[in-house]
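Contents: one structure, followed by commentary.
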Amino acid sequence: MPGRSGTRSVRMLVLSLMASMLVVSFNQTVLNTALPTIVAELGGLDRIGWIVAAFVLTATLAMPLTGALSDVLDRKRLLIGASALFTLGTLGGAVAGSLDLLIAARLVQGVGGGAVMVLTQTIMAAAVPSRERAKYAGAFGSVWAVATTGGVLIGGWLTDGPGWRWVFGGTIPLAVAATVLSLRAIPASAPTSARATPDVPGMLLLCVATTALVAATSPSLAPGGVWVAAGTGIAAVLGLVLVERRAAQPVLPAVLFRSRTFVLATLAGTLSSGVSSFVVLSYLPSFLQMVFGLTAFQAGLLLLPMIVSTVLASTLTGFAVTRTGRYVLIPASGACAVGTGLLLLGLVGPHGGPHVLALSAALLGAGVGTNVLLLTLLAQNAIPAASIGVGTAANNFFRQAGATLGISLIGLAFAARIQDALDASIRAHGTTIPSGVSLTAVSPGELASLSAPVRAAVSDAYAQALPPLFLAIAPLAFAAAVMILCLERRPLADGR
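For the sequence shown, our numbering gives the first residue as 4, with consecutive numbering after it.
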């Protein structure tokens, strides 16, 4: 048992890691309620998904490299460097004068943010045994919940008030404060005799594969370009499999995939708390604004029940697993709750009103809270301690890659559906589009200034276009529940 001073140092370590995760997680969703306003100001509706996906894409690519380096280099220095890079990208987003520059800033943010997410979990895994870590996983899950869903609320308030650029500007002081706390509370890693021999061919192929597959789902590509991107991505995946067999320090080592628990926990987390939650958090705020005429702040406020349910579920799950050591039925039930929440969002749509949608999102949030970090802990518990960094990175990589592809695919489907829905809705309401106005790129504020028939047409179009997409991803959550039930029952380590 650690002494009082040891317990205090662990708590300070956990606090500093939570602060770093808070900043990065907050930034992933704080833009969601601002997206319609950003597109209205900078243009480019066909690339709206890239404002979100750009961050997730480079974060995904940074994770395996960070994981490999964290097993042989000082993790504290890596974390400080990653935090600095994230802050630089945040500054770029605050001053971006075009959508292309904003996307470029998000790419830089993603590199730093992805590294931070891996390093916080790796440092935690190296410092605290698995069973005790389950308790802290609940706290980390609460941070994630408050940051991601609370980001929607704060983003709405900033968008309606000082403007969307403060979404970036307000993050900078938080990032600096988290970095200072890390300098004080995180000890340097023990020296290692292993040399850092990064798997450059593997990382390049992983980069090409991920980028190409995400690009293949972009609505801005011509049909011919989609096939070229998809073919390139598949070829890169096949090349990656061959290269990883001969690499000295593979970016995705085979030892990870020989563990059934690692594979199932990672895949279940990707489907239930990766794809599902990111898609809902990316598109539900815009749906609430465009269908019900809410302000960005009001849309964020309606997601408060989701914050509360996620925090409660995450906290209670962490303590329950620490006390009992059992970890299968709770996250499996949570994945079912995620699927049920998606079904309600898709079936109820606008018919039940915004408050019914808020309660449906709260059910989904409770499900996410049971497994958002618990499944990562189970994946870590299934791999050797010497591979904890690269294993944590791989787990995060697949979860983020799933979220990226999910956001892009839903964006592709939504872009295809919304134009047809708008054309049909305009005809049904017997109105015409005002000269010089693009209804697919209109902001909620601009929509409020249009005539009542046009507003009704846009509202109906969004109500028809988005809910079926929530229904389409609901089976993924139920599939995750089956995977969790198939996990090997192995005790959580008490002394790792």
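The beta carbon of each residue, even a glycine, is placed where N, CA and C say it ideally should be.
So within the segment 282-337, which uninterrupted alpha helix (DSSP H) runs reach at least 4 residues, ignoring any that extend past its ends?
299-304 and 307-327
Exercise for the section: State the DSSP-derived secondary structure class of Gln252, mapped to helix, strand or coil. Expected result: As a working mapping, residue 252 is identified with position 249 in the sequence shown. Reduced to three states, the DSSP call for Gln252 is coil.
Would you call the segment 60-77 and the segment 316-325 in contact, with 3 or more CB pairs under 8 Å? no
**Inter-residue spacing [alpha-carbon to alpha-carbon] between Ser8 and Leu81** = As a first step, residue 8 must be located in the sequence shown, where it is residue number 5. As a first step, residue 81 must be located in the sequence shown, where it is residue number 78. Per-residue confidence for Ser8 stands at a pLDDT of 47, beneath the threshold of 50, marking its modelled position as unreliable; the derived number appears in the next sentence. Approximately 26 Å between the Cα atoms of the pair.
_Between the segment 427-438 and the segment 394-401, can you find at least three pairs of beta-carbon atoms closer than 8 Å?_
no
* Does the distance from the CB of Val111 to the CB of Gly92 come in under 8 Å? -> Start at 1 with the first residue of the sequence shown, and residue 111 comes out as number 108. Start at 1 with the first residue of the sequence shown, and residue 92 comes out as number 89. For Val111 and Gly92, yes; Cβs fall inside 8 Å.
Check: Hey, quick one: how far does the alpha helix (DSSP H) through His358 stretch, first residue to last?
Finding: Looking up residue 358 in the sequence shown gives position 355. Pro357 to Asn374 is the extent of the alpha helix (DSSP H) around His358.
Q | Leu479, DSSP secondary structure in three states | A | In the sequence shown, residue 479 corresponds to position 476, counting from 1. DSSP places Leu479 in helix when its eight states are reduced to three.
| query | Should Thr63 and Thr379 be called a contact, given that it needs their Cβ atoms to be closer than 8 Å? | reply | Residue mapping note: residue 63 aligns to position 60 of the sequence shown, counting from 1. Residue mapping note: residue 379 aligns to position 376 of the sequence shown, counting from 1. Not a contact, by the Cβ cut-off of 8 Å.
inquiry  = Quick check: the Cα distance between Gly296 and Pro357, rounded to an integer number of angstroms?
reply    = Indexing the sequence shown from 1 puts residue 296 at position 293. Indexing the sequence shown from 1 puts residue 357 at position 354. So the alpha carbons of these two residues sit roughly 10 Å apart.
Within the continuous alpha helix (DSSP H) that includes Glu44, where are the two ends? For this step, residue 44 is matched to residue 41 along the sequence shown. Here the alpha helix (DSSP H) through Glu44 covers Leu38 to Leu45.
- Who are the Cβ neighbours of Phe29 in its own chain at under 6 Å, not counting the five residues just before and after it? Here residue 29 corresponds to residue number 26 of the sequence shown, with the count starting at 1. Contacts found: Ala150 and Gly154.
**Asked** Can you tell me where the alpha helix (DSSP H) with Trp169 in it begins and where it stops?
**Response** Here residue 169 corresponds to residue number 166 of the sequence shown, with the count starting at 1. First-last of the alpha helix (DSSP H) with Trp169: Arg168 to Gly172.
How many angstroms separate the CA atom of Ala238 from the CA atom of Leu270? Here residue 238 refers to the residue found at position 235 of the sequence shown. Here residue 270 refers to the residue found at position 267 of the sequence shown. Using only the alpha carbons, I get a separation of about 22 Å.
Check your understanding: Val311: which of Leu362, Leu216 and Ser86 sits nearest, CA to CA?
Key -> Looking up residue 311 in the sequence shown gives position 308. Here the closest residue by C-alpha is Leu362.
Review point. Should the segment 242-251 be called in touch with the segment 472-481, which here means at least 3 C-beta pairs below 8 Å?
Key: no
- Query: Secondary structure at Ile386, three-state DSSP: helix, strand or coil?
  - Reply: The sequence position of residue 386 within the sequence shown is 383, counting from 1. If DSSP states are grouped into helix, strand and coil, Ile386 belongs with coil.
Can you look up Glu491 in the DSSP assignment and give me helix, strand or coil? To locate residue 491, count along the sequence shown from 1; it is residue 488. Coil.
Taking all protein chains shown into account, decide if Val485 is buried (16 or more other Cβ within 10 angstroms of its Cβ) or exposed. By 1-based counting over the sequence shown, the position of residue 485 is 482. Val485 is exposed by the Cβ-count criterion.
By how many angstroms is the C-alpha of Arg263 removed from the C-alpha of Val59? Position 56 of the sequence shown, counted from the first residue, corresponds to residue 59. Position 260 of the sequence shown, counted from the first residue, corresponds to residue 263. Rounded to the nearest angstrom, the two C-alpha atoms are 26 Å apart.
Buried or exposed, going by whether 16 or more other CB atoms sit within 10 Å of the CB of Gly164?
The residue labelled residue 164 in the question sits at position 161 within the sequence shown. Gly164 comes out exposed.
Query - Contacts around Val266, its chain only, beta-carbon distance under 7 Å, and the 5 residues preceding and following it disregarded - result: Counted from its first residue, the sequence shown places residue 266 at position 263. Same-chain partners within the cutoff: Phe260.
(Q) Beta-carbon within less than 7 Å of Thr61's beta-carbon, same chain only, minus the 5 sequence neighbours each way: which residues are those? (A) Reading the sequence shown from its first residue, position 58 is the one you call residue 61. Around Thr61: Leu110, Gly113, Val114 and Gly117.
Compute the Euclidean distance between the alpha carbons of Gly6 and Thr325, then round it to the nearest angstrom.
To locate residue 6, count along the sequence shown from 1; it is residue 3. To locate residue 325, count along the sequence shown from 1; it is residue 322. Confidence in Gly6 is poor, its pLDDT being 47 and thus under 50, which makes the residue's placement too unreliable to answer from.
Going by C-alpha to C-alpha distance, which of Leu25, Gly158, Gly277 and Gly205 sits closest to Ala483?
Locating residue 483 in the sequence shown gives position 480, where the first residue counts as 1. With distances taken between Cα atoms, Ala483 lies closest to Gly277.
| query | In three-state DSSP terms, what is Thr213? | reply | Counting from 1 along the sequence shown, the entry for residue 213 is found at position 210. Helix at Thr213.
Integer-rounded CB distance, given that Leu18 should sit under 8 Å from Ala188: Position 185 of the sequence shown, counting from 1, holds the residue named residue 188. Position 15 of the sequence shown, counting from 1, holds the residue named residue 18. Indeed, because the Cβ distance is near 7 Å, the residues count as touching under 8 Å.
Using the Cα positions of Gly100 and Pro256, report the straight-line distance between them to the nearest angstrom.
-> To locate residue 100, count along the sequence shown from 1; it is residue 97. To locate residue 256, count along the sequence shown from 1; it is residue 253. So the two alpha carbons sit approximately 42 Å from each other.
- Message: Looking at the secondary structure, which residues open and close the alpha helix (DSSP H) in which Val75 lies?
- Response: Walking along the sequence shown from the start, residue 75 turns up at place 72. Premise fails: Val75 is in no alpha helix (DSSP H) and is neither H nor E.
* For Met4, is the classification buried or exposed, using 16 other Cβ atoms within 10 angstroms of its Cβ as the cut-off for buried? -> Start at 1 with the first residue of the sequence shown, and residue 4 comes out as number 1. Unreliable placement is indicated for Met4, whose pLDDT of 43 sits below 50; the coordinate value is still reported in the next sentence. It counts as exposed.
Query raised in the report: Rounded to whole angstroms, how far is the Cβ of Ser317 from the Cβ of Gly234, which I believe are closer than 8 Å?
Result: Stepping through the sequence shown from its first residue, residue 317 is reached at position 314. Stepping through the sequence shown from its first residue, residue 234 is reached at position 231. That belief does not hold up - the Cβ atoms of Ser317 and Gly234 are roughly 41 Å apart, past 8 Å.
(Q) Between which two residues does the alpha helix (DSSP H) holding Thr125 run? (A) Residue mapping note: residue 125 aligns to position 122 of the sequence shown, counting from 1. Run containing Thr125: Leu102 to Ala130, per the alpha helix (DSSP H) assignment.
Q | Cβ-based burial, Gly337 [other Cβ within 10 Å; buried from 16] | A | Taking the first residue of the sequence shown as 1, we reach residue 337 at position 334. When all chains shown are included, Gly337 counts as buried.
Fill in: Inter-residue Cα distance where the pair is Gly405 and Thr273
Locating residue 405 in the sequence shown gives position 402, where the first residue counts as 1. Locating residue 273 in the sequence shown gives position 270, where the first residue counts as 1. Looking at the two C-alpha atoms, the distance is approximately 6 Å.
Kindly indicate which three-state DSSP category Ala219 falls into: helix, strand or coil? Translated into the one-based positions of the sequence shown, residue 219 becomes position 216. It is coil, neither helix nor strand.
Review point. If we count Cβ pairs, one from each stretch, closer than 8 Å, do we get three or more for the segment 458-476 versus the segment 339-349?
Key: yes
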